[in-house]
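Take the sequence shown: its position 235, counted from the start at 1, is 216 in my numbering, and no numbers get skipped.
Yeah, the Cβ is synthetic: ideal placement off N, Cα and C, and Gly gets one too.
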Amino acid sequence: MERFDAIVIGTGVAGASAAASLARRGRVLVLEQFDFLHERGSSHGGSRIFRHAYDDERYVRLAQAADQRWRALEARSGERLLLRTGGLDLGTLGEGDLDPIEAALGAASSPVERLTADEVRRRFPAYALGDDREALFSPDAGVLAATRAVATLLRDAACEGAVLRERTPVTELAVHDDGVELATPSGRVAADRLVVAAGAWTDRLLSDLGVPLRVEQQQVLYLRVTDGRVHAPERMPVFIDRRGMIYGFPLFERPHALKVSDHEGAPTVTLEERTFDVDVERAADTARRASELLPGVTTEVVEAQTCLYTKTPDEHFVLDRLPGHPHVVVMAGFSGHGFKFGAVLGDVAVALLDGEDDAFDLSLFGIAVRG
Ligand SMILES: Cc1cc2nc3c(=O)[nH]c(=O)nc-3n(C[C@H](O)[C@H](O)[C@H](O)COP(=O)(O)OP(=O)(O)OC[C@H]3O[C@@H](n4cnc5c(N)ncnc54)[C@H](O)[C@@H]3O)c2cc1C
């Protein structure tokens, strides 16, 4: 039986990052059930929002650590992965919904400005913000080129000697005191350490994880714009509207349409029920709300795509060792907001495997505390 220092299950952004970090430290096997860069999970597509703006300092600091590593990966690979556009968190005047975000950014010394609706309209004319609104502007935010980032992480791993196998599903997982043994259609493999980064399929491998995972079928829309000038990346920050939770991007991967989506309201599905069909009614509602906020954006959906969220009940990630098995790390339950942390997740996995519990503050992401 082939034996490795470590095996990584899954090549979404979490697994790809773990593969790159572990490959610098030993002989690694990376297993993917589908083709690399497939579009059936959670990490595909042209773009993801990168931001430091969270209402908990622990997330802000993890985003800062990811920021450094995205830049290091860009320098190492020569790829442009993160386009800084700045970011707007849109709140409601007098509701205090932006206060915890502003406080967490301040505590972590991440730059932020509070803007009135009028200031937003003048500085970023794409936005027609009502006078009952206000915003936080974070200059560090931007757009991550999603599929290209995953490809770059996997290439990084391969260039460090990782063995990458696509169309190789792990069908059985046995955890022993001194390592793990996995079954695949092409035979059994073993390793001293394991990282499970299986996204929406995590429950299939770890049925008693202790943190419930729920899968949602999400969708993103590309809406035609009437005027590209105000929707240019240098003039339109990415945004999250905290009233109703739609979010979106300036023009990026499509020249004539910008991407928007709704973080809430997606149906819970099983992997069998999951389709690649867009919910037209839900799309029309999202498009209407987006065009109210962005008058230069029409409600014409020129393209749409589905994608999976894997949600935990508190929407905090699972980043932890499997209880009782310090040589197995689980990274799951990214609840629709994990991509931005991709570049640091590999080092998080290595720190967990090495028992370096001070390397990152992971107190939000433990298994035992949430079981
Ligand atoms: C519509 C949408 C918009 C989003 N927007 C943002 C955003 O703006 N900013 C942000 O930070 N995050 C965002 N996210 C969240 C982010 O994309 C995810 O959190 C992240 O991609 C999760 O990555 P993953 O590696 O855990 O999962 P996945 O990418 O799904 O990877 C898991 C991999 O494991 C493989 N696998 C599973 N089981 C097995 C097995 N038994 N054997 C072998 N391989 C297996 C799967 O095939 C898959 O490739 C968004 C997500 C969606 C769906």
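Worksheet entry | Coarse secondary structure for residue 165, derived from DSSP in three states | Residue numbering aside, residue 165 sits at position 184 when the sequence shown is read from its first letter. Strand at residue 165.
Practice prompt. Within its chain, find whatever has a CB closer than 8 Å to the CB of residue 297; leave out the 5 residues flanking it on each side and keep chain order.
Written response: Walking along the sequence shown from the start, residue 297 turns up at place 316. Same-chain partners within the cutoff: 314, 316, 345, 346 and 351.
Worksheet item: Does the beta carbon of residue 382 fall short of 6 Å from some heavy atom of ligand 1?
Response: Because the chain here runs from -18 to 352, residue 382 falls outside it and cannot be looked at.
Worksheet item: Say the cut is 6 Å; is the CB of residue -6 nearer than that to a heavy atom of ligand 1?
Response: Along the sequence shown, one-based indexing puts residue -6 at 13. Yes - ligand 1 has a heavy atom lying nearer than 6 Å to the Cβ of residue -6.
Fill in: residue 38, enclosing beta strand (DSSP E) - first and last residue
Your numbering for residue 38 matches position 57 in the sequence shown. No beta strand (DSSP E) contains residue 38, which is instead part of the alpha helix (DSSP H) from 38 to 58.
Worksheet item: Using the C-alpha atoms, what's the distance from residue 236 back to residue 152?
Response: For the purposes of this step, residue 152 is identified with residue 171 of the sequence shown, where counting begins at 1. For the purposes of this step, residue 236 is identified with residue 255 of the sequence shown, where counting begins at 1. Going by the C-alpha atoms only, they are around 42 Å apart.
Practice prompt. Determine the closest residue to residue 70 out of 245, 219 and 275, with distance taken between C-alpha atoms.
Written response: Locating residue 70 in the sequence shown gives position 89, counting from the first residue. Checking every option, the nearest Cα to that of residue 70 belongs to 219.
Practice prompt. In angstroms with no decimal places, state the Cα-to-Cα distance between residue 254 and residue 270.
Written response: Taking the first residue of the sequence shown as position 1, residue 254 is located at position 273. Taking the first residue of the sequence shown as position 1, residue 270 is located at position 289. Going from the Cα of residue 254 to the Cα of residue 270 covers about 28 Å.
Worksheet item: Per DSSP, what kind of secondary structure is residue 67 in: helix, strand or coil?
Response: For the purposes of this step, residue 67 is taken as the residue at position 86 of the sequence shown. In the structure shown, residue 67 sits in coil (DSSP, three-state: anything other than H, G, I, E or B).
Worksheet item: Straight-line CA distance for residue -8 to residue 111?
Response: Translated into positions along the sequence shown, residue -8 becomes position 11. Translated into positions along the sequence shown, residue 111 becomes position 130. Computed Cα separation, rounded: 42 Å.
Worksheet item: Taking DSSP as the reference, what is the three-state secondary structure of residue 171?
Response: In the sequence shown, counting from the first residue as 1, residue 171 sits at position 190. Strand.
Worksheet item: Is the beta carbon of residue -12 within less than 6 Å of some heavy atom of ligand 1?
Response: Taking the first residue of the sequence shown as 1, we reach residue -12 at position 7. The answer is no for residue -12.
Worksheet item: Among 19, 338 and 327, which one has its Cα closest to the Cα of residue 54?
Response: What you label residue 54 is simply residue 73 of the sequence shown in a count that begins at 1. Comparing Cα positions, the closest option is 327.
Item to complete: Please specify which runs of the alpha helix (DSSP H), each continuous and at least 4 residues long, are wholly inside the region 254 to 340, giving them in chain order.
Response: 261 to 274 and 323 to 334
Fill in: Coil, strand or helix - residue 348 by DSSP
Stepping through the sequence shown from its first residue, residue 348 is reached at position 367. Coil.
Worksheet item: Is the beta carbon of residue 146 within less than 6 Å of some heavy atom of ligand 1?
Response: Numbered from its first residue, the sequence shown carries residue 146 at position 165. Not under cutoff, so the answer is no.
Discussion item. Considering only the alpha carbon of each residue, which of -3, 276 and 37 lies closest to residue 83?
Written reply: Residue numbering aside, residue 83 sits at position 102 when the sequence shown is read from its first letter. Looking at the Cα atoms, 37 is the closest of the given residues.
Fill in: Stretch-stretch touch, CB-based, cutoff 8 Å, three pairs: the region 277 to 288 with the region 256 to 269
yes
Worksheet item: Of all the beta strand (DSSP E) runs that stay within the bounds of the region 191 to 240, which reach a length of 3 or more residues?
Response: 195 to 206, 219 to 222 and 227 to 229
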